[in-house]
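Protein chains in written order, with this note's numbering: chain R, 43 to 667; chain Z, 27 to 183.
Inspection log for the structure reproduced underneath, given as structure tokens.
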Amino acid sequence: MTSPGTRLLVCAGTGCVSRGAFEVRRALEEEIRRRGLEREVLVAATECHGFCERGPILLVWPDGVFYQRLKPADVPRLVEEHLIKGRPVRGLMYVPPRGRAPAPLMKDIGFFKRQRLLVLRNRGRIDPERIDDYIACDGYAAAARALSEMTPESIVAAITASGLRGRGGAGYPTGRKWAACAAQPRSPKYIVCNGDEGDPGAFMDRSVLEADPHSVIEGLIIGARAIGAARGFLYIRNEYPLAVARAGKALEQAREYGLLGTNILGTGFDFDLEIVRGAGAFVSGEETALLASIEGRRAYPRQRPPYPAERGLWGLPTVINNVETWANVPPIVLRGADWFAGLGTPASKGTKVFSLVGKISNTGLVEVPMGITLREIIEEIGGGVPGGRAVKAVQIGGPSGGCIPASAFDIAVDYESLKAAGSMMGSGGMIVMDEDTCMVDVALYFLRFAEDESCGKCAPCRSGTAAMARLLAGITAGKGTADDLARLEDLADTVKRASLCGLGQTAPNPVLTTLRYFRDEYEAHVLDKRCPALVCKALIAFSIDPERCVGCLLCRKACPAGAISGEPKKAQAIDPAACIKCGVCLTVCPDRFRAVRKTTPARSAASGPPAAARVAPPGPKDGER
Amino acid sequence: MRPERSELDALTAKYRGRPRALIQVLQDIQDRFHWLPPEALEHVAEALGVPLVQVYGVATFYRSFSLQPRGRHVCTVCLGTACHIRGGEAVLEGFERRLGVPAGRTTADGAYTLERVNCLGACALAPLAVVDGRYYPQMTEAKVGAVLAEAEKGEKA
């Protein structure tokens, strides 16, 4: 049999699948069969490329042509033109946000160019459901070396020398954690993978588990050997069904190949893993709470020390690291601690995976060397904010992190500088915000999240986050006073210092950073009762410009509150008393009329230069983000 | 749907006498019935040898468990940060208006349950809604009607 010369790699990540990647794949297979090309062309599923917003994505190998936003209807033309006539279809290629000409090759696309793939090393190269693909890319070679050529001490020494720090958020040195557990005289010991990625805005753990589950399993085998554990647990969020399924399949395959179970690879080492599904509680991501959850209890955190390395699962020594940390382990063992330590900055080694989302052109998952600047990530990889809007800030680290203003985008991305800016690495969610994002509303969003997810065990977190959310809700409703800002700061300080676990200790960060960098927006809300970003419903109004309205009645038909009236073909009017400010009228008003206005009151003379009421420029329409 | 005793026996059999499997058992039961009926909780307490109060404690602590019957269709609106700043609230309000129930409730005819979740980890698709397990990326308030019609059709097919 001849081996196929051309491979069509269809991305099978959640993003692409939800946009119809499987339908595209079926259409490709049918078309290839219809044309009798089965011997020359292979259609295969691959893991996530991270460029989720552009899905479904197809990579033609070996030429490296990158197609995006495919529909099954595009397939016959693509096969005919590209595969038969050898003319790649420009109309299906990616066009950079500030360019006109398409970028045909994956390596020329800004989104991919600046990335350095380590955790995502097999991106687009393997089918996550085939262990042979992983093995063909050096998979399990590191585990084999750790089991046959290295001692537990030398593994711990390598991880320590590499400078790897935990990718779950706080950045604790991984080698030190392992060494502490290895030194414990008691046994049995346990290994745990924290896959309870609850941070809103982060999805790298989901992607790694879905796209390359064997890289995590291999890391866990190496960790187990280093500390002498015979059992381990993969704790995965219940909200990630595809990740649970793929990890389950990978475990079965690893067992079949003798990589898990008794006498692994004939080395006499026994180790097996079990998947535990989370049950939907953000606090489960905190390590002591997660261990309680594995034990079948409510996910309440407990005071540390003792740390899990000393007293973990069922009171026994346990190493717990998150998904991304585990995926870093095999390349360190395989390529050496020095190689890893050569990447990044003096205190933050290696790479970090970020999920770059929000108001950004190239949305998706990116892996960059530590020390790269925020500006490089947002402008060069992310392609800036779409629609010609100005970028305002980036929120990093989820509810534990904070907002960093555009003026500070030249800081290097590492654990220390993010902390100095008032934020933190967190799990690596990066949410870009533009001038249409209200920072007070964002702070309220995070505080409501923290209030909602607080487990309730300690009072500072339980009552403190609720009190802060109440104050912020008052401010966005136009009922805040200048005193409220001082009260907020005072409460934030108490919650930060007095809470039991990381959830409460970091919950005030979004408030503190927005107060630090965007105080003028808070002042506009409390002093002038206006929302400069035109977001807070109580402080904005919708109206129709009679000069521009032609009376097409689209808005009237769409208005769920029946607030719009007027004669057909004449200017319509919005009844402010009936308007629920859902904004549907603004989105349905055709671009050629742009008759609907969103406004906030004019700034008062006392607190700044007089200005007209801010009017929203026409917003992006559906599908144009 | 009310559970039969024999079915509960089958679901708990392999965890009998193992208190630490509590969350797993409850997940299995909910996968089967879409909620946790009171008789199932009592059955679990007995089978695993766990006090009933602890079973309730766990069932009420975790968000994925429902102590109320759920509808034939489940609509989940994601309100993660990316969804929030791209207009997720308006999508949720659209579902609330169409279905006539607030988030967390089931319609009186038992057809739909509306839920909000704090992040589904599919932020590149924001704002996102999931109906009967199907993902709807870049959701808008205006698409709610069509999405619900599709769910209805799926049921007939």
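Every residue gets a Cβ at the ideal spot worked out from N, C-alpha and C, and that includes glycine.
Bear in mind that the values here come from a model prediction, so they are computed numbers and not experimental data.
- Within 8 Å of the CB of Glu-95/R, the CB atoms of chain Z belong to Ala-150, Leu-151, in sequence order along the chain.
- For Gln-94/Z, the closest Cβ of chain R is not nearer than 8 Å.
- The C-alpha of Met-467/R lies about 19 Å from the C-alpha of Ser-326/R.
- Spanning the alpha carbons of Thr-642/R and Val-59/R requires a straight line of approximately 41 Å.
- Judged by DSSP secondary structure, Pro-574/R falls outside any alpha helix (DSSP H); it is assigned neither H nor E.
- Close partners of Phe-59/Z in chain R (Cβ separation under 8 Å) are lacking, with about 16 Å as the shortest Cβ gap.
- Cys-235/R is bridged by DSSP to Leu-276/R, Asn-363/R.
- Taking 8 Å as the Cβ-Cβ cut-off, the region 472 to 484 of chain R approaches chain Z at Ile-473, Met-475, Thr-479, Val-484, given in chain order.
- With respect to Gly-546/R, Cys-503/R sits close: the two C-beta atoms are nearer than 8 Å.
- DSSP places His-60/Z in no beta strand (DSSP E); its state is neither H nor E.
- In the structure shown, Ser-390/R falls within a coil segment according to DSSP collapsed to helix, strand and coil.
- Between Ile-420/R and Val-433/R a beta carbon distance of about 7 Å is seen, short of the 8 Å cut, so the two are scored as contacting.
- The continuous beta strand (DSSP E) containing Lys-640/R extends over residues 638 to 642.
- Among the residues of the region 31 to 42 of chain Z, none has a Cβ less than 7 Å away from any Cβ of chain R.
- Contact note: Arg-46/Z reaches chain R through Glu-337, Gly-338, using a C-beta cutoff of 7 Å and chain order.
- For Met-412/R, the secondary structure class from DSSP, reduced to helix, strand or coil, is coil.
- Thr-641/R has a beta carbon lying at 8 Å or more from every beta carbon in chain Z.
- Across the region 384 to 411 of chain R, CB contacts with chain Z closer than 9 Å involve Ser-397, Leu-398, Val-399, Gly-400, Lys-401, Thr-405, Gly-406, Leu-407, in sequence order along the chain.
- The region 301 to 356 of chain R is shown to contain whole beta strand (DSSP E) runs of 3 or more residues at 303 to 306, 311 to 319, in chain order.
- When rounded, the separation of the alpha-carbon atoms in Val-117/Z and Trp-220/R is 46 Å.
- Under the Cβ criterion of 8 Å, Phe-91/Z is counted among the residues facing chain R.
- For Pro-77/Z, the secondary structure class from DSSP, reduced to helix, strand or coil, is coil.
- If you keep only unbroken beta strand (DSSP E) runs of at least 3 residues inside the region 444 to 510 of chain R, you get 444 to 447, 471 to 476.
- Per DSSP, the unbroken alpha helix (DSSP H) holding Cys-597/R starts and ends at 596 to 600.
- If you check each beta-carbon in the region 122 to 147 of chain Z against every beta-carbon of chain R, the ones closer than 8 Å belong to Arg-123, Val-143, Asn-144, Cys-145, Leu-146, Gly-147.
- Around the CB of Ala-619/R, fewer than 16 other CB atoms lie within 10 Å, so the residue is classed as exposed.
- With 16 or more other CB atoms across the displayed protein chains lying within 10 angstroms of its CB, Asp-175/R is buried.
- For the 8 Å CB-CB criterion, Gly-444/R and Thr-518/R do not form a contact.
- Under the three-state reduction of DSSP output, Ala-379/R falls in the helix class.
- Between the C-alpha atoms of Pro-227/R and Leu-189/R there is a straight-line separation of about 21 Å.
- Nearest CB-CB separation between Gly-180/Z and chain R: not below the 8 Å threshold.
- Assigned with DSSP and collapsed to three states, Val-143/Z falls in strand.
- Among the residues of chain R, those whose CB is under 7 Å from the CB of Gly-106/Z are Pro-242, Gly-243, following chain order.
- Assignment of Met-135/R by DSSP, reduced to helix, strand and coil, places it in the strand class.
- The closest CA to that of Leu-358/R, considering only Val-83/R, Gly-310/R, Glu-477/R, Tyr-232/R, is found on Tyr-232/R.
- The alpha-carbon of Ala-63/R is positioned some 45 Å away from that of Gly-43/Z.
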